[in-house]
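Down below is the structure, laid out as structure tokens.
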Amino acid sequence: MPQEYKLLLKNADEPGYSNDIECYERNGGYQAFRKVLAIKTAKDSNNKEITPQAQLRTSVLDSGLRGRGGAGFSCGLKWSFIRHPNPKPVYLICNADESEPGTFKDKQIIYKDPHQLIEGMIISCWANHVNLAYIYIRGEFTEGAKILNQALQEARKKGYLGKDIFDSGYDLDIHVHRGAGAYICGEETGLIESLEGKRAYPRIKPPYFPAALGLYMCPTIVNNVETLCNIKHIVEMGAEAFAKLGTPNNTGTRLVSLSGDVKQPGYFEIETGKVTLGELINEPVFGGGLRDGNKLQAIIPGGSSSKVLRAGETFSIEDKEIDLLDIPYDFDTLMKIGTMSGSGAIIVIDDSRDIIECLANLAEFYAHESCGQCTPCREGSLWMNKALHRLTHGEGRKEDAEYLKHIAHNIQGRTICAFGEACAWPVLSFVDKFKDKFEEKVSA
Amino acid sequence: MAGEIKTEKPPAVETITVKVDGKEIDVPKLTPNWQNNLVPTTVLQACEHAGIEIPHYCYHPKLPVAGNCRMCLVHVGMPGRPGPDGKPPMNEDGSLKIDPMVLPYERSTPKGVIGCATDLIPGMEIYASSPETKEMREAVLESLLINHPLDCTICDQAGECKLQEYSVEHGQSESQFAEYKVHKPKAVDLGPRIMLDAERCVLCTRCIRFSKDIANDDALGIVNRGSYNTIATFLDTPFDNNYTLNTADICPVGALTSKDFRFQMRVWFLKETKSLCTDCGTGCNTVIGSRENTMYRYEPRENDAVNGPWMCDSGRLNYKWIGSENRLSQVQGASGWATAITEISGKLEEAAPRSVAIIGGARQTNEELYLLKRLAEKFEAITDSVPRTGKGDRLLSHTDKNPNSTGSRLIGITDERPGSRIADIVAGIEDGTIKTLIVFGDDVTKAGISETLLDKLELLVVSDILPNNTTSKAHYLLPGCAHAEKRGTFTNIKGRVQKFMKALEAPGDARPEWEFLHELIENTTGQNGFSTIEGLFNQMANEVEAFKAKNLTWSALGDTGVTVEI
Numbered sequence: 012m013p014q015e016y017k018l019l020l021k022n023a024d025e026p027g028y029s030n031d032i033e034c035y036e037r038n039g040g041y042q043a044f045r046k047v048l049a050i051k052t053a054k055d056s057n058n059k060e061i062t063p064q065a066q067l068r069t070s071v072l073d074s075g076l077r078g079r080g081g082a083g084f085s086c087g088l089k090w091s092f093i094r095h096p097n098p099k100p101v102y103l104i105c106n107a108d109e110s111e112p113g114t115f116k117d118k119q120i121i122y123k124d125p126h127q128l129i130e131g132m133i134i135s136c137w138a139n140h141v142n143l144a145y146i147y148i149r150g151e152f153t154e155g156a157k158i159l160n161q162a163l164q165e166a167r168k169k170g171y172l173g174k175d176i177f178d179s180g181y182d183l184d185i186h187v188h189r190g191a192g193a194y195i196c197g198e199e200t201g202l203i204e205s206l207e208g209k210r211a212y213p214r215i216k217p218p219y220f221p222a223a224l225g226l227y228m229c230p231t232i233v234n235n236v237e238t239l240c241n242i243k244h245i246v247e248m249g250a251e252a253f254a255k256l257g258t259p260n261n262t263g264t265r266l267v268s269l270s271g272d273v274k275q276p277g278y279f280e281i282e283t284g285k286v287t288l289g290e291l292i293n294e295p296v297f298g299g300g301l302r303d304g305n306k307l308q309a310i311i312p313g314g315s316s317s318k319v320l321r322a323g324e325t326f327s328i329e330d331k332e333i334d335l336l337d338i339p340y341d342f343d344t345l346m347k348i349g350t351m352s353g354s355g356a357i358i359v360i361d362d363s364r365d366i367i368e369c370l371a372n373l374a375e376f377y378a379h380e381s382c383g384q385c386t387p388c389r390e391g392s393l394w395m396n397k398a399l400h401r402l403t404h405g406e407g408r409k410e411d412a413e414y415l416k417h418i419a420h421n422i423q424g425r426t427i428c429a430f431g432e433a434c435a436w437p438v439l440s441f442v443d444k445f446k447d448k449f450e451e452k453v454s455a
Numbered sequence: 002m003a004g005e006i007k008t009e010k011p012p013a014v015e016t017i018t019v020k021v022d023g024k025e026i027d028v029p030k031l032t033p034n035w036q037n038n039l040v041p042t043t044v045l046q047a048c049e050h051a052g053i054e055i056p057h058y059c060y061h062p063k064l065p066v067a068g069n070c071r072m073c074l075v076h077v078g079m080p081g082r083p084g085p086d087g088k089p090p091m092n093e094d095g096s097l098k099i100d101p102m103v104l105p106y107e108r109s110t111p112k113g114v115i116g117c118a119t120d121l122i123p124g125m126e127i128y129a130s131s132p133e134t135k136e137m138r139e140a141v142l143e144s145l146l147i148n149h150p151l152d153c154t155i156c157d158q159a160g161e162c163k164l165q166e167y168s169v170e171h172g173q174s175e176s177q178f179a180e181y182k183v184h185k186p187k188a189v190d191l192g193p194r195i196m197l198d199a200e201r202c203v204l205c206t207r208c209i210r211f212s213k214d215i216a217n218d219d220a221l222g223i224v225n226r227g228s229y230n231t232i233a234t235f236l237d238t239p240f241d242n243n244y245t246l247n248t249a250d251i252c253p254v255g256a257l258t259s260k261d262f263r264f265q266m267r268v269w270f271l272k273e274t275k276s277l278c279t280d281c282g283t284g285c286n287t288v289i290g291s292r293e294n295t296m297y298r299y300e301p302r303e304n305d306a307v308n309g310p311w312m313c314d315s316g317r318l319n320y321k322w323i324g325s326e327n328r329l330s331q332v333q334g335a336s337g338w339a340t341a342i343t344e345i346s347g348k349l350e351e352a353a354p355r356s357v358a359i360i361g362g363a364r365q366t367n368e369e370l371y372l373l374k375r376l377a378e379k380f381e382a383i384t385d386s387v388p389r390t391g392k393g394d395r396l397l398s399h400t401d402k403n404p405n406s407t408g409s410r411l412i413g414i415t416d417e418r419p420g421s422r423i424a425d426i427v428a429g430i431e432d433g434t435i436k437t438l439i440v441f442g443d444d445v446t447k448a449g450i451s452e453t454l455l456d457k458l459e460l461l462v463v464s465d466i467l468p469n470n471t472t473s474k475a476h477y478l479l480p481g482c483a484h485a486e487k488r489g490t491f492t493n494i495k496g497r498v499q500k501f502m503k504a505l506e507a508p509g510d511a512r513p514e515w516e517f518l519h520e521l522i523e524n525t526t527g528q529n530g531f532s533t534i535e536g537l538f539n540q541m542a543n544e545v546e547a548f549k550a551k552n553l554t555w556s557a558l559g560d561t562g563v564t565v566e567i
């Protein structure tokens, strides 16, 4: 029987668990950082000294932790892009902009267990010689921002933030910065611009890779809330034990946000790759199946920008024919079948839905959220939205499927940031997989 | 070895070899950026070296790179990542293996890079004219046009519009667009001199970057989101610095237009003449746009030694006087040029030494001031110019509002302090030692030589282009030319000797001052000067020390001038 595996959410939903610092410490909180402080300088085979910070960074790399924000990029590798010692201050930003439609996992931690995030951040900052960090939280999380500020205040009072934290000689402060309600602020360079007080226009890369020219043109690490929380557990468990969770190259757990046409929408924590899409949708401990009488039509497996999967699809992976519902929920398998696990948000669509309406809804979101900086996305996102709404309003043409692909094709890979893909992929995949439905729209 | 003469070789420019459209080319490894710092050469610049233009909207060599228009997307081939041995993948023949770039998640689809912000890598192949690149351009252009109003017939930019040009060179004849266009504000009064048509805007942000990074006025920004993005000022604060009109120049489309020029003339009717701005001592290089003897506009002409590609608004709009109805167009005091020159010559010949004073305005050309100086030498005349000062700034506008103060000093009309000899002239007129005053291009009543004093003179010869208190007192009034109506040179505040060309015919009987000065000198000194501006300049350059030191000749000045020691 597939089960939840509670690592990050071990405490959050326990009865009586509250989000104050005392409760967190009663449950073993802030011990991981004390453990970190005990790391001694080591020597490598050439008798060269390895700092405790470098040891911790190596252990994060060894843990195989991959970013939980969407791209699934190796966290340890991302950290390794920062040179140490660095002539400029290094910044760390926690991306708490959680704005990918369908995603509501970081919210659980922020609201219910904020100190877990703060401890994860303290450890990560220490490992990367960061003395000032920010939590960029989406504007809609008004309560979340309050909770985080309250938690930061508690930590400061205890001497866990500020000067000489934990009497270690190390200084660190963390500030909360609230966004103003734009999806693009979740894109790391857009976020940095917004944090600097500017319009959240993503930066061109090259040259503005955050690791080199990030916040205030200084080296900057941007990590997702869930990613940073995992750091604490890597310290607690050790990298080796952490790497045993999940499956090879897809280590640890994942917080999955399940929404749409299931009986029990909600968030679940699973060992990465140990649970299949079908189990997540149908098992009583997870989604509990579709509403009675309805059949599965499609799955959007990793947030609204991931490519859609159609019910009944089969995939051949390493010469094995695998049904859609038997796909293990991890990074690599979903990539192999042409989509992604993105932010861990699964949107289930049953056969009572008009699939073109679903796509039109997504297109409207992307047209509204395109920052408008670069041409293909600015013009293309609204163009697709208009075309799709024409289709859903009885004015479809037989060439519209190809027409939509033409527009989407002109966006993907040609924009400043990944928003181009985010708005093009739904259209490209819906057209590919539901061409018959587009044809029905024309005759209707 | 001691005593041996070392020949210093100029430092060799480090180059990098890339392929553009299959042809190998060596290009400099580094290129100056908008701040004149050396930075790695880009794909776009390499193509420029290869003689291939990569179309672009947002990129401007004198502005920070934005990378937003995507028009310069080019398909390129890159060397592979180095393997464990540290060496990049090689072909069987031992040459570097180059792979055309593809989308990481869809390896059958080529991936472009933006030419404006992609640094060269040794061995890189740039497929500047490939079908893949062409397809990317067409797509971007199509996107830019879907919401564009296509109102070229009434658009001032038509004829010098990058949307039009690229549509012809890189576009498709048809768009698939079948939806309603986005509508945005039109005829938005951005400030006193700039009008915005938001529907024509391609959101390249050149205007925003210019205003923020060049004019130091963070006045423009973007409001709204996505396709509804619109250029705006903060809460409708007027866009009103002294450089706003440059945004109309760099706007690649007809979104920002000059209120002064809009709806005045189709640009293809304009005759373009290389000229200079006369608003201050900076001497910004300009192009005069004129048609049928009417001047319609100034545009800055790029000269990195002086103004870059910019000019200030006050200078740009300081041309209306040229076509003024009040222009002096008749010789006064005699029946015409011939009698006037003969009579003045005759009177001057009778003048005693040191009884003549000459005011040569620092708005006259080097050549004219040189001829006035020669006249002064003949009569041992005291000379000066009237200084004019005003507000300047740190960018281009100078506090010296005369265009040729430096020339006036180098030629010897003034000393280090222009206007310092005027008191002597006043005293001379008062005590009767100065009986003749020759004034070119200045209203001396504003500089301390009152009208009562002018009444005391036996002979007052004035040349000017517009009436003033001095011209009304003249015994002989000789109508001169605006700079736009003649050729000549000015020496700017930093010693740049620059020439300007003739765009317009002068009104009535007005003639270039150097022409009739030449006649006066011939009559009074018997020396024949040069009757062409080229010869006159060369003669002057041979006599004025600062010019001679640089071996100046008319032709050596070129279009952008030569800097002399001041």
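Protein chains in written order, with the working numbering: chain A, 12 to 455; chain B, 2 to 567.
Glycine included, C-beta positions come from ideal geometry on N, C-alpha and C.
Nothing here was measured: the structure is a model prediction, and the numbers come from that model.
Let's test the definition: count the other Cβ atoms within 10 Å of the Cβ of residue 228(A) and tell me whether it reaches 16, buried, or not, exposed.
For residue 228(A), the number of other beta carbons within 10 angstroms of its own is below 16, and it is reported as exposed.
Taking only the alpha-carbon atoms, compute the straight-line gap between residue 359(B) and residue 418(B) and give it to the nearest angstrom.
Between the alpha carbons of residue 359(B) and residue 418(B) lies a distance of about 16 Å.
Compare the C-beta of residue 262(A) against all C-beta atoms of chain B and say whether one is closer than 9 Å.
No, because no Cβ of chain B sits closer than 9 Å to the Cβ of residue 262(A).
Please determine, among 54(B), 443(B), 247(B), 239(B), the residue with the shortest C-alpha to C-alpha distance to residue 207(B).
When only C-alpha atoms are compared, the closest one is 247(B).
Between residue 84(B) and chain A, is any beta-carbon pair separated by less than 9 Å?
No - not a single Cβ of chain A is within 9 Å of the one on residue 84(B).
Can you find a CB in chain A that lies within less than 9 Å of the CB of residue 296(B)?
False, the Cβ-Cβ gap to chain A never drops below 9 Å.
So that I know if they touch, is there some Cβ in chain A lying closer than 9 Å to that of residue 489(B)?
Output row for residue 489(B): interface = no.
Between residue 176(B) and the rest of its own chain, which residues show a CB-CB distance below 8 Å, the 5 nearest in sequence each way excluded?
143, 146, 147.
How is residue 80(B) classed by DSSP in three states: helix, strand or coil?
Strand.
Test: residue 129(B) CB closer than 9 Å to a CB of chain A
No, no contact with chain A.
N-terminal and C-terminal residue of the beta strand (DSSP E) that residue 269(A) is part of
In the DSSP assignment, residue 269(A) falls within the unbroken beta strand (DSSP E) covering 264 to 271.
What residues from chain A crowd round residue 213(B), counting only those whose CB sits closer than 8 Å?
Neighbours of residue 213(B) in chain A, taken as residues at a C-beta separation under 8 Å, are lacking, since the least C-beta distance is about 11 Å.
Taking just the CA atoms, how far does residue 357(A) sit from residue 326(A)?
Cα atoms of residue 326(A) and residue 357(A): separation of roughly 19 Å, rounded to the nearest angstrom.
Using the rule of at least 16 other Cβ atoms within 10 Å of the residue's Cβ for burial, across every protein chain shown, is residue 75(A) buried or exposed?
So residue 75(A) counts as buried.
Apart from the five residues on each side of it in sequence, which residues of its chain come closer than 6 Å, Cβ to Cβ, to residue 388(B)?
These residues qualify, in order along the chain: 419, 420.
Start-to-end residues for the alpha helix (DSSP H) that takes in residue 291(A):
Residues 288 to 293.
Which residues in chain A sit within 7 Å of residue 144(B), going by Cβ to Cβ distance?
Per Cβ cutoff of 7 Å: 386, 387, 390, 391, 421.
Inter-stretch contact at 8 Å, needing at least 3 Cβ pairs: the stretch 127 to 146 of chain A / the stretch 257 to 271 of chain A:
By the Cβ criterion, the stretch 127 to 146 of chain A is not in contact with the stretch 257 to 271 of chain A, since fewer than three pairs of Cβ atoms, one from each stretch, lie closer than 8 Å.
Alpha carbon of residue 277(B) to alpha carbon of residue 408(B), nearest angstrom
Per the coordinates, the alpha-carbon of residue 277(B) lies some 15 Å from the alpha-carbon of residue 408(B).
Give me the Cα-Cα distance between residue 449(A) and residue 412(A), rounded to the nearest whole angstrom.
Distance between the alpha carbons of residue 449(A) and residue 412(A) is about 6 Å.
Cβ distance (whole Å) where residue 30(A) is taken to contact residue 117(A) below 8 Å
Rounded, the Cβ-Cβ distance is 14 Å, inconsistent with contact.
Contact with chain A by residue 79(B), beta-carbon distance below 9 Å:
No, because no Cβ of chain A sits closer than 9 Å to the Cβ of residue 79(B).
Against chain B, does residue 215(A) count as a neighbour if the rule is that its beta carbon must be under 9 Å from one of theirs?
Taking Cβ atoms only, chain B reaches closer than 9 Å to residue 215(A), which makes this a yes.
Can the beta-carbon of residue 353(A) be found less than 9 Å from the beta-carbon of residue 304(A)?
In this structure, residue 304(A) does not lie closer than 9 Å to residue 353(A) by Cβ.
Going along chain A in order, which residues have a C-beta closer than 9 Å to the C-beta of residue 181(B)?
By Cβ distance, chain A contributes 397.
Which class does residue 247(B) belong to by DSSP, given the choice of helix, strand or coil?
Reduced to three states, the DSSP call for residue 247(B) is helix.
Whose Cβ in chain A lies nearer than 8 Å to the Cβ of residue 118(B)?
By Cβ distance, chain A contributes 215, 217, 218.
Counting only Cβ-Cβ distances shorter than 8 Å, please list the residues of the stretch 98 to 114 of chain B near chain A, keeping chain order.
Residues passing the 8 Å Cβ filter: 104, 106, 107, 110, 112, 113.
Comparing alpha-carbon positions, which option in 67(B), 497(B), 372(B) lies nearest residue 441(B)?
For the residues 67(B), 497(B), 372(B), the minimum Cα distance to residue 441(B) belongs to 372(B).
Determine the contact status of residue 436(B) and residue 458(B), defining contact as a CB-CB distance below 9 Å.
Contact flag set, yes.
Under 9 Å between C-beta atoms, does residue 302(A) make it to chain B?
Closer than 9 Å: no.
When the Cα atoms are used, what is the spatial distance from residue 383(B) to residue 309(B)?
Looking at the two C-alpha atoms, the distance is approximately 38 Å.
Residues bridged to residue 414(B) (per DSSP)
Bridge partners of residue 414(B): none, in fact.
Residue environment, residue 288(A), which counts as buried when at least 16 other CB atoms sit within 10 Å
Burial is judged here by how many other beta carbons sit within 10 angstroms of a residue's own beta carbon; residue 288(A) has at least 16 and is buried.
Kindly indicate which three-state DSSP category residue 91(B) falls into: helix, strand or coil?
Strand at residue 91(B).
Beta-carbon spacing of residue 283(B), residue 367(B) below 9 Å:
Taking 9 Å as the cut-off, the Cβ atoms of residue 283(B) and residue 367(B) do not count as close.
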